[in-house]
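Novice:
In this note's numbering, the protein residues as written are 2 to 171.
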């Protein structure tokens, strides 16, 4: 939905996946970790408060994704694309954009891509009305205001939220 990337097959999807690199390093707990059939990894973070240091947090999370997905002895070619996605209730960069997309490019010419396979997204729910698709507008409006429209997507979203709130019966 957000990335315009079709995920054909989910290989792994975990909520609150914890990765501890070693006992001296800061571990992370990804809100939602997804790995698809091609090996691409997605970390989706819901940011409701404390937006301090989000760019550096994104950098650290990107590194942890890489470390956890490249085994010893493997070539760097084995690193798959990875995406860090922050769903923020506020405008982290205060520039008024609905989505901020960061890819590594050459500073000297501003256009030569590094092609390292990493992308970071910071979504600004406050600008839900400027999101590029109706689904995104509906989703971010729901995050911000807890309101939906009458679309089938909105109804589906609301049903899933209600189901997620109901504790699993034992």
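Backbone N, C-alpha and C fix where the C-beta goes; we use that ideal spot for every residue, glycine too.
Report yes or no: is there a C-beta of chain C within less than 9 angstroms of the C-beta of residue 124?
Specialist: Absent from the structure: chain C. Only one protein chain is present.
Novice: For the alpha helix (DSSP H) containing residue 68, list its first residue and its last residue.
Specialist: Here residue 68 corresponds to residue number 67 of the chain shown, with the count starting at 1. It spans 55-70 - the alpha helix (DSSP H) in which residue 68 sits, taken as one unbroken run.
Novice: Under a three-way DSSP split, which group does residue 18 fall into?
Specialist: The residue given as residue 18 occupies position 17 in the chain shown. Reduced to three states, the DSSP call for residue 18 is strand.
Novice: What are the boundary residues of the alpha helix (DSSP H) that residue 75 is part of?
Specialist: For the purposes of this step, residue 75 is taken as residue 74 along the chain shown, with counting starting at 1. Unbroken run through residue 75: none, as it is neither H nor E.
Novice: So, is residue 156 buried or exposed, given that buried needs 16 or more other C-beta atoms within 10 angstroms?
Specialist: In the chain shown, counting from the first residue as 1, residue 156 sits at position 155. Residue 156 is exposed by the Cβ-count criterion.
Novice: Who are the Cβ neighbours of residue 52 in its own chain at under 8 angstroms, not counting the five residues just before and after it?
Specialist: For this step, residue 52 is matched to residue 51 along the chain shown. Cβ neighbours of residue 52 beyond the five flanking positions: 89, 91, 93.
Novice: Pick from 146, 119, 97: whose alpha carbon is nearest that of residue 59?
Specialist: Position 58 of the chain shown, counted from the first residue, corresponds to residue 59. Considering only alpha carbons, the answer is 119.
Novice: Under a three-way DSSP split, which group does residue 32 fall into?
Specialist: Translated into the one-based positions of the chain shown, residue 32 becomes position 31. Residue 32: strand per DSSP, three-state reduction.
Novice: Buried or exposed: where does residue 125 fall if 16 or more other Cβ atoms within 10 Å of its Cβ makes it buried?
Specialist: Taking the chain shown and counting its residues from 1, one reaches residue 125 at position 124. Buried.
Novice: By how many angstroms is the C-alpha of residue 70 removed from the C-alpha of residue 43?
Specialist: Stepping through the chain shown from its first residue, residue 43 is reached at position 42. Stepping through the chain shown from its first residue, residue 70 is reached at position 69. Going by the C-alpha atoms only, they are around 12 angstroms apart.
Novice: At what residues does the alpha helix (DSSP H) containing residue 90 begin and finish?
Specialist: Position 89 of the chain shown holds residue 90. That residue, residue 90, is in no alpha helix (DSSP H); it is neither H nor E in DSSP.
Novice: Does residue 46 come out as helix, strand or coil in the three-state DSSP assignment?
Specialist: In the chain shown, the residue the question calls residue 46 occupies position 45. The answer is strand: DSSP assigns residue 46 an E or B state.
Novice: From 108, 112, 122, pick the residue whose C-alpha is nearest to that of residue 98; which is it?
Specialist: Against the chain shown, residue 98 aligns to sequence position 97. Comparing Cα positions, the closest option is 122.
Novice: Mapping DSSP to helix, strand and coil, what is residue 113?
Specialist: The count along the chain shown starts at 1 and reaches residue 113 at position 112. Looking at residue 113 - three-state DSSP - the assignment turns out to be coil, as it is neither helix nor strand.
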